[in-house]
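Visitor:
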Amino acid sequence: MNREELEAGARNILLSNLRKGVADWNGKEFSFVVPSLRGYPFQWFWDSCFHAIALTHLDLEQAKAELTTLMSAALPDGFIPHIIFWEMEKQPDFLSRNIVGMTSPNYSSTIQPPILAYAVERVYRATGDENFKQAALPVLTAFYRWLRVNRDPDDDGLIAVIQPEEAGTDCSPKYDRVLGLEELSNRGFIAALKKVYEAYEPLRGDDLAILAADIFHVEDVLVNSIYAFSLRALARLLGDSPEAAEFHREAERTRDALVAKCWDEAAGAFFDLSGVAETPVKVVTISSLMPLILDDLPRPIVERLVERWVMSEKDFWLPYPLPSVPASDPKFMPGNPQGFIWRGPSWINTNWFLSHGLRGHGYVELADTIVAKSHEAIEKSGYREYYHPYTGEGLGARDFGWSTLILDF
Ligand code: GLC
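The numbering used here puts the first residue of the sequence shown at 7, with every later residue one more than the last.
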């Protein structure tokens, strides 16, 4: 597929998945791309950021509209939900199949990996639109401060998630034990998630109390890598100001904490910390590699991660890299996991992150191969939700929004 064909396919998806209108419940205008018309018919936080980045290659006005719509859902205290149900008529069907934590009927009460400041920076760079940036900055500063105040109770620079979907990698095997997963299936996952939410019921809306209850409290490596990466973007957007210094400092604190607390020298990988006691969750997944997106990660760690895990043919270096779980893990499920996602297949968003990260650290050939293989999978199977890491077969939702990130590799 040449660039033109790739763009035509991406344009087609981003336009057909585009939803515009005025919400009945708050009278606000919305204009954004749904991840997929059938399975995911609302606005998702990190999907939207990826859509906006892909749109910088196709339609700058729509790239701005996507993020403006997302930021219009920010609450006065700074929080931004991970799902916004702009079109409420589609909600009953969705909620019959999924569990969503809510303090309002119109949006979720949980977060997703906080990539927003980076997406805003990209859209601002592409458009040069000062008004867009000026409108975004107060929303961004409030959001990143909200995370610090409400999600980092031990004040170590690492923010915590209260349920696995907050990390965007829903059913990853790294959560099996913390979640108390009894049945290895999507049904088992939903049942376990339901129990978590039942336990949260008396504490609903008070994230610090929820974290103190220590039911599902995970300082997640993927989330914190993206947090540090985006704090830098926010600091750059803020220019030469005391606020910029605040966010640079936070980015450094998060990186230092990832290295000091999550890096496991013997395993050569980063591990999440579970609970108030911060017990390392010694399960390697794609998330263990995510600190590679930080350009200031110490060089010996970069080399170890790449040599031990990325390039290892029994782990991540499969015909269509990089799988969400290394092939050496007994729980690795390369084929269609029937909704039991993030347990083997390769995803375009993590490939986008890691190909850029590897390139930045000088691993040009590895990055080029990830890019070429991602192209090949899309050429073979179209824009799908995820891909079989041995065959490139497309799996999960069709016409899936964030796979158009291929335009930005
Ligand atoms: C799944 C993914 C999550 C994504 C959502 C919408 O839940 O795990 O990361 O945001 O679908 O595409």
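Yeah, the Cβ is synthetic: ideal placement off N, Cα and C, and Gly gets one too.
Could you check whether the Cβ of Q140 sits closer than 8 Å to any heavy atom belonging to ligand 1?
Guide: One-based indexing of the sequence shown puts residue 140 at position 134. Not so, every heavy atom of ligand 1 lies at least 8 Å from the Cβ.
Visitor: Please determine if the stretch 43–55 and the stretch 394–411 are in contact, where contact requires at least 3 C-beta pairs separated by less than 8 Å.
Guide: Yes, the stretch 43–55 is in contact with the stretch 394–411.
Visitor: Between which two residues does the beta strand (DSSP E) harbouring E35 extend?
Guide: Numbered from 1 along the sequence shown, position 29 holds the residue referred to as residue 35. For E35, the enclosing beta strand (DSSP E) has its first and last residue at 35–39.
Visitor: What number of angstroms, rounded off, separates the C-alpha of A333 from the C-alpha of P286?
Guide: Looking up residue 333 in the sequence shown gives position 327. Looking up residue 286 in the sequence shown gives position 280. Those two C-alpha atoms are separated by around 21 Å.
Visitor: Would the beta-carbon of L300 fall within 9 Å of that of S231?
Guide: In the sequence shown, residue 300 corresponds to position 294, counting from 1. In the sequence shown, residue 231 corresponds to position 225, counting from 1. Cβ atoms of L300 and S231: closer than 9 Å.
Visitor: Are the Cβ atoms of L311 and S293 separated by less than 9 Å?
Guide: For the purposes of this step, residue 311 is taken as the residue at position 305 of the sequence shown. For the purposes of this step, residue 293 is taken as the residue at position 287 of the sequence shown. For L311 and S293, no; Cβs fall outside 9 Å.
Visitor: Might you give, ordered along the chain, the residues of its own chain that have their beta carbon closer than 6 Å to the beta carbon of L164, omitting 5 neighbours on each side?
Guide: Translated into the one-based positions of the sequence shown, residue 164 becomes position 158. Same-chain partners within the cutoff: E225, N230, A263.
Visitor: Heavy atom of ligand 1 less than 8 Å from the Cβ of T416, yes or no?
Guide: Absent from the model: residue 416. The displayed extent of the chain is 7 to 415, so no value can be given.
Visitor: Can S42 be considered in contact with ligand 1, in the sense that its beta carbon sits closer than 8 Å to one or more heavy atoms?
Guide: Against the sequence shown, residue 42 aligns to sequence position 36. True, at least one ligand heavy atom lies under 8 Å from that Cβ.
Visitor: Thinking F91 and Y124 are a contact (beta carbons under 8 Å), I'd like their distance in whole angstroms, please.
Guide: Start at 1 with the first residue of the sequence shown, and residue 91 comes out as number 85. Start at 1 with the first residue of the sequence shown, and residue 124 comes out as number 118. With a Cβ gap of about 25 Å, F91 and Y124 do not count as contacting.
Visitor: Only counting the same chain, and skipping five residues up and downstream in sequence, which positions put a Cβ closer than 7 Å to that of T75?
Guide: Translated into positions along the sequence shown, residue 75 becomes position 69. F36, S37, F38, Q49.
Visitor: Helix, strand or coil for F406? Go by DSSP, reduced to three states.
Guide: Reading the sequence shown from its first residue, position 400 is the one you call residue 406. The answer is coil: DSSP assigns F406 none of H, G, I, E or B.
Visitor: Taking C-beta to C-beta, are P325 and P248 nearer than 9 Å?
Guide: If you number the sequence shown from 1, residue 325 lands on position 319. If you number the sequence shown from 1, residue 248 lands on position 242. The answer is no: Cβ separation not under 9 Å.
Visitor: Return yes when the C-beta of W418 is under 8 Å from any heavy atom of ligand 1, and no when it is not.
Guide: Residue 418 cannot be examined here, being either before or after the span of the chain that is shown, 7 to 415.
Visitor: Should the stretch 146–158 be regarded as contacting the stretch 75–87, the criterion being three or more beta carbon pairs within less than 8 Å?
Guide: yes
Visitor: Among the residues of its own chain, which have a CB less than 6 Å from the CB of S191, if the five just before and after it don't count?
Guide: Stepping through the sequence shown from its first residue, residue 191 is reached at position 185. Contacts found: F346.
Visitor: May I ask you to check if the CB of E391 is nearer than 8 Å to at least one heavy atom of ligand 1?
Guide: Taking the first residue of the sequence shown as 1, we reach residue 391 at position 385. Yes, the beta carbon of E391 sits closer than 8 Å to at least one heavy atom of ligand 1.
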